[in-house]
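S.K.: So the number in the numbering used here is just where the residue sits in the sequence shown, counting from 1, plus 53.
We put the beta carbon where it would ideally sit given N, CA and C, even for glycine.
One structure, pasted below without further comment.
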Amino acid sequence: MTSQKTKIQLAILISNIGTGTNLKAIIDGVSTGKIKAEICAVISDIVDAPGLEHARAYNLESEICPAKESLLPLLQKLNPDYICLAGWKQIILDEIIDTFPNRILNTHPGLIPDKMEEVVKNPDGTDALWNKGKMTKKAMQNFLDNHATYAGCTNHFLSHEFDFGPVLGRCFEKIEPGDSVESLYARLKKKENELYVEVLEKLCSKVR
Numbered sequence: 054m055t056s057q058k059t060k061i062q063l064a065i066l067i068s069n070i071g072t073g074t075n076l077k078a079i080i081d082g083v084s085t086g087k088i089k090a091e092i093c094a095v096i097s098d099i100v101d102a103p104g105l106e107h108a109r110a111y112n113l114e115s116e117i118c119p120a121k122e123s124l125l126p127l128l129q130k131l132n133p134d135y136i137c138l139a140g141w142k143q144i145i146l147d148e149i150i151d152t153f154p155n156r157i158l159n160t161h162p163g164l165i166p167d168k169m170e171e172v173v174k175n176p177d178g179t180d181a182l183w184n185k186g187k188m189t190k191k192a193m194q195n196f197l198d199n200h201a202t203y204a205g206c207t208n209h210f211l212s213h214e215f216d217f218g219p220v221l222g223r224c225f226e227k228i229e230p231g232d233s234v235e236s237l238y239a240r241l242k243k244k245e246n247e248l249y250v251e252v253l254e255k256l257c258s259k260v261r
């Protein structure tokens, strides 16, 4: 008789630069059973992160980690299977990436290629923008400034190479005439939330 396996454990890292929508999407995915995992902790670098309200509403363990040097010991104590960055603004130190290789998920507001020398294609065949080094608002503005036909984001494993790493999934949103940074990101954000859940659903469905 085999013992029942413990569910895959997720640690979600948030801050006050995000609105908590990715966290809420992951919580809902876990609650409905779509993501076969448990959330072992929600970690914020600040006490007033909006996402902490979601953590409290679902009685999830929360931790405050204001110093980036304190993150590795905390993660080692929690020992999650996957670490999900959801608006985390601290620099992830190399030692954390080394300790949790291909286990730290991040969403980037651009289309990361599978290889450094490649370019992702939009659904209409045009070249997609990587937006390397650009945060959300600047990334959205870059799509508009370059008259891109599509915006998009990439869910990937964190690596030592900045804004690069093994790609887990991508989503695209057609840019409409008259789009602003806010209107474009509002539509893309919904797809970003769905993508995070889809990626975790696939990862957590694998037999350990």
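Checking the sheet assignment: what are the DSSP bridge partners for H161?
M.R.: H161 pairs with T207.
S.K.: Suppose only complete runs of 3+ residues qualify. What are the beta strand (DSSP E) ranges in the segment 109-133, listed by chain order?
M.R.: The segment 109-133 contains these whole beta strand (DSSP E) runs: 115-117.
S.K.: Please work out which residues of its chain come closer than 7 Å, Cβ to Cβ, to K121, disregarding the five sequence neighbours upstream and downstream, and give them in chain order.
M.R.: Closer than 7 Å at Cβ, skipping near neighbours: Q143, I144, L146.
S.K.: Check F225 in the structure and name its three-state DSSP category.
M.R.: Three-state DSSP puts F225 in a strand.
S.K.: Under 6 Å Cβ to Cβ from V95, same chain only, skipping five residues before and after it: list those, please.
M.R.: Cβ neighbours of V95 beyond the five flanking positions: I65, A108, L113, S115.
S.K.: Would you kindly work out how many angstroms separate the C-alpha atoms of H213 and Y249, rounded to a whole number?
M.R.: Distance between the alpha carbons of H213 and Y249: 21 Å.
S.K.: Excluding the 5 residues flanking T192 on each side, which residues of the same chain have their C-beta closer than 7 Å to its C-beta?
M.R.: The sequence shown places Ala at residue 192, not Thr. The residues are P162, G163, N184.
S.K.: Give the secondary structure of S269 by DSSP, where H, G and I count as helix, E and B as strand, and everything else as coil.
M.R.: Outside the shown range of the chain, which is 54 to 261, sits residue 269, and nothing can be said about it.
S.K.: Confirm, please, whether the CB-CB distance from I165 to H209 is below 7 Å.
M.R.: The answer is yes: Cβ separation under 7 Å.
S.K.: As a quick exercise: from Y238, L158, E229, K89, pick the residue whose alpha carbon is nearest that of K259.
M.R.: Looking at the Cα atoms, K89 is the closest of the given residues.
S.K.: Specify, as a first and last residue, the run of the beta strand (DSSP E) that I65 falls within.
M.R.: Counting along the chain, the beta strand (DSSP E) containing I65 begins and ends at 61-67.
S.K.: Could you pull out every residue in the same chain whose Cβ sits closer than 7 Å to the Cβ of N159, ignoring the five residues on either side in sequence?
M.R.: Excluding residues within five positions, the ones whose Cβ falls inside 7 Å are L138, H209, L211.
S.K.: Is DSSP giving L146 helix, strand or coil here?
M.R.: Three-state result, L146: coil.
S.K.: Excluding the five sequence neighbours on either side, which residues of its own chain have a C-beta within less than 7 Å of the C-beta of Y111, listed in chain order?
M.R.: These residues qualify, in order along the chain: I80.
S.K.: Tell me whether K190 is buried or exposed, calling it buried when 16 or more other Cβ atoms sit within 10 Å of its Cβ.
M.R.: When all chains shown are included, K190 counts as exposed.
S.K.: Using the Cα positions of K242 and C224, report the straight-line distance between them to the nearest angstrom.
M.R.: Spanning the two alpha carbons is a distance of roughly 10 Å.
S.K.: Determine the contact status of G178 and G71, defining contact as a CB-CB distance below 7 Å.
M.R.: Contact: no.
S.K.: Excluding the five sequence neighbours on either side, which residues of its own chain have a C-beta within less than 8 Å of the C-beta of L125, listed in chain order?
M.R.: So the qualifying residues of the chain are L146, E148, I149, T152.
S.K.: Just the Cα atoms here: how many angstroms apart are F196 and T59?
M.R.: For F196 and T59, the distance between alpha carbons rounds to 43 Å.
S.K.: Quick one: what does DSSP say T55 is sitting in, helix, strand or coil?
M.R.: Reliability of the predicted coordinates at T55 is poor, the pLDDT of 40 falling under 50, and no value is obtained from them.
S.K.: Checking 7 Å against the spacing of the C-beta atoms, do N246 and N75 come in under that value?
M.R.: Contact: yes.
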